[in-house]
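Below: one structure, written as structure tokens.
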Amino acid sequence: EAQVTQNPRYLITVTGKKLTVTCSQNMNHEYMSWYRQDPGLGLRQIYYSMNVEVTDKGDVPEGYKVSRKEKRNFPLILESPSPNQTSLYFCASSFDRWANVLTFGAGSRLTVL
Amino acid sequence: GDSVTQMEGPVTLSEEAFLTINCTYTATGYPSLFWYVQYPGEGLQLLLKATKADDKGSNKGFEATYRKETTSFHLEKGSVQVSDSAVYFCALSDLSTGNQFYFGTGTSLTVIP
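So the protein lines, in turn, are chains A and B. Each residue of the first sequence is one higher than the one before, starting from 8 at the first, in the working numbering. Each residue of the second sequence is one higher than the one before, starting from 577 at the first, in the working numbering.
Set out below in structure tokens:
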């Protein structure tokens, strides 16, 4: 089944403890991106990647890192999480930048205490 | 910069009522426009899209027309069902300004029997 898989789905952590949210897609998509969803703010793009080793900042990149070493994986790294990063995170992918229809993962709910 | 503004919710309708969710956009180039739907506990799914002015996207009884003159992409359905209860997001992709996607804040729809 074609899908975008995120892990973990739920995580409670403490301020400053590094964490990684993994994202993997099995559709050979070139484009991948991360969003956070907050009440009243909708979805905001954190980072995106148009291909292996090519990443760029979205609207809210502060406090996050990403890497794209393989086409299928696009992990989101929080080096030193803070409470304002408590949010619902979505990974999404698209065949390429021209196709521009996104396939989303099921989401990862992160709470930083 | 690019942005999407959509009607605030929540919206509550009786089954078989007519639905309109307003969406307007600001873009510097020639964006593609989308409606995504999010069912409880799930990621977003593409509902419909339009890639140029006057295009009409349609799916599952929902329709939206790309109106360049009014910079709008309103979502409509003639007769809603309980199963349409979800959060609806208007979005745009403007390749002329990079490869970012911009989402509205989402409109929650509840359909009651």
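Think of the CB as a built atom: it goes at the ideal place given N, C-alpha and C, for glycine as much as any other residue.
Answer with yes or no whether the minimum CB distance from residue i to chain A is below 8 Å.
i                      : result
residue 589 of chain B : no
residue 669 of chain B : yes
residue 585 of chain B : no
residue 681 of chain B : yes
residue 691 of chain B : The first residue shown for chain B is 577 and the last is 689, placing residue 691 of chain B beyond what the model contains.
residue 677 of chain B : yes
Does residue i come out as helix, strand or coil in the three-state DSSP assignment?
i                      : result
residue 80 of chain A  : strand
residue 631 of chain B : coil
residue 66 of chain A  : coil
residue 684 of chain B : strand
residue 115 of chain A : strand
residue 45 of chain A  : strand
residue 91 of chain A  : helix
residue 700 of chain B : This structure leaves residue 700 of chain B out entirely; chain B is present only between 577 and 689.
residue 26 of chain A  : strand
residue 672 of chain B : helix
residue 71 of chain A  : coil
residue 589 of chain B : strand
residue 108 of chain A : coil
residue 644 of chain B : coil
residue 583 of chain B : coil
residue 57 of chain A  : strand
In terms of DSSP beta bridges, what is residue i paired with?
i                      : result
residue 636 of chain B : For residue 636 of chain B, which the question treats as bridged, DSSP gives no partner whatsoever.
residue 652 of chain B : B:596 and B:639
residue 665 of chain B : B:612
residue 51 of chain A  : A:43
residue 20 of chain A  : A:119
residue 97 of chain A  : A:42
residue 85 of chain A  : A:26
residue 626 of chain B : B:609
residue 14 of chain A  : A:29
Is the beta carbon of residue j closer than 8 Å to that of residue i?
i                      : j                      : result
residue 679 of chain B : residue 114 of chain A : no
residue 111 of chain A : residue 620 of chain B : yes
residue 611 of chain B : residue 651 of chain B : yes
residue 664 of chain B : residue 613 of chain B : yes
residue 627 of chain B : residue 648 of chain B : no
residue 117 of chain A : residue 92 of chain A  : yes
residue 63 of chain A  : residue 94 of chain A  : no
residue 34 of chain A  : residue 55 of chain A  : no
residue 578 of chain B : residue 603 of chain B : yes
residue 21 of chain A  : residue 99 of chain A  : no
Within 8 Å (strictly less), CB to CB, does residue i reach chain B?
i                     : result
residue 97 of chain A : yes
residue 83 of chain A : no
residue 80 of chain A : no
residue 70 of chain A : no
residue 23 of chain A : no
Can you pull out the residues from the region 626-656 of chain B whose beta carbon lies closer than 7 Å to at least one beta carbon of chain A? none
Can you pull out the residues from the region 43-60 of chain A whose beta carbon lies closer than 7 Å to at least one beta carbon of chain B? 47, 48, 49, 50, 52, 55 and 57
Interfacial residues, the region 604-626 of chain B to chain A, with Cβ spacing under 9 Å: 608, 610, 612, 614, 617, 618, 619, 620, 621, 622 and 625
Can you give me, in chain order, the residues of the region 106-118 of chain A that have a beta carbon less than 9 Å from any beta carbon in chain B? 107, 108, 109, 110, 111, 112, 113 and 114
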